[in-house]
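Residue numbers (the working numbering): 11 to 173.
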């Protein structure tokens, strides 16, 4: 458990130092999705998106993974940090895809990941999960292939939709 806390602290300090160096615009998003990690999990949470220009975007998020493990319902908290990269500068809306590089961690595993995202709204990412110590979820080991499909909905969009 101590290794997980240390990793989360290092990631948090890194992203705070990046954000503190320049004026970044922050956007809030609600995220829903699907995660496969030796089991199928639904995911619900929120993310903060930080951007200064359109070629490098930073995201921090927290969510809950919910699913059945060992024939019992289980919930795991998840923290994640992503960097979205597009190598075309100052082309705004005309580039729709970004390379996604990041990591996610729960109280059971840590998983580096790589993938693609469309407009930063629809993510498809994969990676490999490494268990934290001997942690298991209802007797099921949480290591191996990790796949994420996530829809990120900006709260501004939700607010405008109900006007």
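We put the beta carbon where it would ideally sit given N, CA and C, even for glycine. On a predicted model such as this, the values are computed, not experimentally measured, just so you know.
Unbroken beta strand (DSSP E) stretches of 3 residues or longer found wholly inside the region 45-74: 50-61, given in chain order.
Bounds of any beta strand (DSSP E) do not take in residue 142, whose DSSP letter is neither H nor E.
Take the alpha-carbon of residue 85 and the one of residue 76: they are about 5 Å apart.
Here residue 106 carries a coil assignment [DSSP, helix/strand/coil].
Straight through space, the alpha carbons of residue 120 and residue 114 are spaced by roughly 6 Å. Per DSSP, reduced to three states, the secondary structure at residue 16 is helical. Minimum Cα-Cα distance from residue 127 among the listed residues 45, 147, 161 corresponds to 161.
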